[in-house]
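Before any comments, here is the structure.
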Amino acid sequence: MATAAAVAWTASSSAQPSPPAPATVADEGPGYAVEDFNYPGADKIQEEQGLVLKRGDGHIVLAECGSESGLMELWVRYRPEHVCFRVTGNSGYLSVEIPAVYGIKGAADQSADVTMTVDNEESHYEVPAGALTNVGETADPEGRDHMLLEITTTK
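In my numbering, the protein residues as written are 14 to 168.
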């Protein structure tokens, strides 16, 4: 009888549910972050300031003019104030759509190459660090308004 009781006890104890399998880290962890390089808050900036900031690498960011020295400054015909950017790192990239840009002062320690367009023609300008450079209509023999499309900076 002892053997029958032991067999019954063994059978009943093995019928109990087993604990749940441990979750793997992949099941619980957050998904991968994928950088799309779209400019953060671009819609709000466009609505409030009329500036179209598209994509970049985070090394050229909109800044309040006069908030610090060494900013890149844009002269824009239809704006009462300059448009300024803080430039960081050894290089930077920003895609924009800013119409009627006619002058650019390079950041204190970085030169820039800018791409502009007018009448389906692209123009490229080199902007030395810390120097004011005529671009767009002030460099165009016909004085046409140019749209700023890209800013690339290097130390």
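Note that the Cβ used here is the ideal one computed from N, Cα and C, for glycine as well. Computed from a prediction, not measured in an experiment: that's the story for all the values here.
Helix, strand or coil at residue i according to DSSP, with G and I counted as helix
i, result
"Asp126", "strand"
"Gly149", "helix"
"Glu174", "Summary: the structure shown does not reach residue 174, with the chain confined to residues 14 through 168, and so no result is reported for it."
"Glu163", "strand"
Contacts around residue i, its chain only, beta-carbon distance under 6 Å, and the 5 residues preceding and following it disregarded
i, result
"Ala144", "Gly119"
"Val100", "Ile73, Met85, Ala120, Gln123, Thr166"
"Lys168", "Asn103, Gln123"
"Gly71", "none"
Own chain, CB closer than 8 Å to residue i, minus 5 neighbours either side, in chain order
i, result
"Asn147", "Tyr115, Gly116"
"Val89", "His95, Val96, Ile111, Pro112, Ala113, Val114, Tyr115"
"Glu77", "Cys97"
Residue i versus the options, residue with shortest Cα-Cα distance
i, options, result
"Val65", "Val109, Cys78, Gly71, Glu150", "Val109"
"Val131", "Val100, Pro154, Glu77, Gly63", "Pro154"
"Gln62", "Gly71, Tyr91, Asp158, Ser82", "Tyr91"
"Gly69", "His159, Gly149, Gly102", "Gly102"
"Glu86", "Asn133, Asp158, Ser124, Glu60", "Ser124"
"Gly105", "Met129, Val89, Leu75, Met160", "Leu75"
"Asp126", "Val89, Cys78, Gln59, Leu161", "Leu161"
"Met129", "Pro141, Ala142, Gly149", "Gly149"
"Asp158", "Glu135, Pro112, Val140, Glu134", "Pro112"
"Lys67", "Asp56, Glu77, Glu60", "Asp56"
Status (buried if at least 16 other CB within 10 Å, exposed otherwise) for residue i
i, result
"Glu163", "buried"
"Gly54", "exposed"
"Gly156", "exposed"
"Cys97", "buried"
"Gly83", "exposed"
"His137", "exposed"
Other residues of its chain near residue i: CB distance less than 7 Å, five sequence neighbours each side excluded
i, result
"Ala142", "Gly119, Ala120, Ala121, Asp122, Gln123, Ser124"
The ligand SAH heavy atom lying under 8 Å from the CB of residue i
i, result
"Lys57", "This structure simply doesn't include the ligand SAH, nor any ligand for that matter."
Q | 4-residue-minimum alpha helix (DSSP H) runs that sit fully inside the segment 92-122, ordered along the chain | A | Positions of the alpha helix (DSSP H) runs, each at least 4 residues long and wholly inside the segment 92-122, cannot be given because no such run exists.
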